[in-house]
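Okay, so here's the structure we're looking at.
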Amino acid sequence: MINKEVAKMLVKQINLELHSGYLYMEFANFYEEKNLPGFAHWYVVQAGEEYEHAMKIRKFLLDANEKVTFSALADTDKGFKTPKDPLVAGLKHEQFITASIYAILEKAIAVKDHLTVEFLQWFVKEQGEEETNAQANIDKLEMVGTSGSALYLLDKEMGHRED
Numbered sequence: 730m731i732n733k734e735v736a737k738m739l740v741k742q743i744n745l746e747l748h749s750g751y752l753y754m755e756f757a758n759f760y761e762e763k764n765l766p767g768f769a770h771w772y773v774v775q776a777g778e779e780y781e782h783a784m785k786i787r788k789f790l791l792d793a794n795e796k797v798t799f800s801a802l803a804d805t806d807k808g809f810k811t812p813k814d815p816l817v818a819g820l821k822h823e824q825f826i827t828a829s830i831y832a833i834l835e836k837a838i839a840v841k842d843h844l845t846v847e848f849l850q851w852f853v854k855e856q857g858e859e860e861t862n863a864q865a866n867i868d869k870l871e872m873v874g875t876s877g878s879a880l881y882l883l884d885k886e887m888g889h890r891e892d
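Counting in the working numbering, the sequence shown runs from 730 upward without gaps.
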């Protein structure tokens, strides 16, 4: 049903999405250590979304009778110093994931794998939202700074993100 080379790229994407969740849980751990439970909550929810993305791709592949395999997850960066560091790393990571989705989409278009092109449209939209949210979090933190009551209120806001 779908192009074999595109299927291999999608399997790789599953593993990238799972790694994203792993990375975001590392961010959550950092924020817990910094007594910013709202930021931690935001990234726990984000990690769950990444798992859902991986499972969505997995189901698509299985429905197309493609084999799905998992790779070992790479380790994550643990050298964060400031509350802004994970936010910036998160934006860069989302940009990396967007580029990966675009590469798969471009390949699917090139080989006329219309089913995958249609499937990936949801991910294109989702990645636009992911990058927008990541940048908004950076902008908010830059506006309030990294100490005082404004940071406390931003942390509370981050904690209201729904699962």
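Ideal Cβ placement from N, Cα and C applies to all residues, glycine included. Since the structure is predicted, the reported quantities are computational estimates derived from the model, not experimental observations.
Spatial neighbours of L798 in its chain, beta-carbon cut-off 8 angstroms, leaving aside the 5 residues before and after: It is worth fixing the name first, because residue 798 is Thr in this sequence and not Leu. So the qualifying residues of the chain are V740.
Inter-residue spacing [alpha-carbon to alpha-carbon] between P766 and K841: 46 angstroms
query: Excluding sequence positions up to five away, which residues of its chain have a Cβ less than 7 angstroms from the Cβ of T811?
result: T875
field: Supposed close pair I830, V853 - CB separation, criterion 8 angstroms
entry: Rounded, the Cβ-Cβ distance is 6 angstroms, consistent with contact.
field: Inter-residue spacing [alpha-carbon to alpha-carbon] between Q824 and L752
entry: 14 angstroms
task: Could you name the residues of the same chain whose beta carbon sits closer than 6 angstroms to that of A863, not counting the 5 residues immediately before and after it, in chain order?
output: G819, L820 and E823
message: With three or more beta-carbon pairs closer than 8 angstroms as the criterion, would you say the region 731-746 touches the region 758-776?
response: no
- request: Keeping to the same chain, check which residues put their C-beta closer than 7 angstroms to that of D806; ignore five residues upstream and five downstream.
  value: A818
- prompt: Which runs of the alpha helix (DSSP H) spanning at least 4 residues fall entirely within the region 756-840, listed in chain order?
  reply: 766-792 and 813-839
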